[in-house]
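Residue numbers (this note's numbering): 52 to 119. Below is one structure, written out as structure tokens; the observations come after it.
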């Protein structure tokens, strides 16, 4: 993803799609990141692009995480 405005827009779209999720692009890491809240606690996700991060958020929120 090129450009700071595009990056900010993509992060905003993710947070609008998934209320309660914080998403951002890590310039130092070159990765996309998201912090999501689950019943078992917060989870940090990362992906090489915004599309893969969206998929991870969707899959992670659907997963039946169990406390051990």
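Glycine residues also receive a C-beta, built at the ideal position from the N, C-alpha and C atoms.
From the options, residue whose alpha carbon lies closest to that of residue i
i: residue 62; options: 75, 71 and 89; result: 75
i: residue 103; options: 84, 56 and 113; result: 84
Where the beta strand (DSSP E) containing residue i begins and where it ends
i: residue 98; result: 92 to 98
Paired residues, beta bridge with residue i - DSSP
i: residue 77; result: 82
i: residue 89; result: 92
Cβ-based burial, residue i [other Cβ within 10 Å; buried from 16]
i: residue 119; result: Because residue 119 sits at a pLDDT of 49, beneath the cut-off of 50, its placement in the model cannot be relied upon, and the point is left open.
i: residue 72; result: buried
i: residue 89; result: exposed
Start and end residues, alpha helix (DSSP H) containing residue i
i: residue 101; result: 101 to 113
i: residue 64; result: 55 to 68
Any chain B beta carbon closer than 8 angstroms to residue i
i: residue 67; result: In the structure shown, chain B cannot be found, because there is only a single protein chain.
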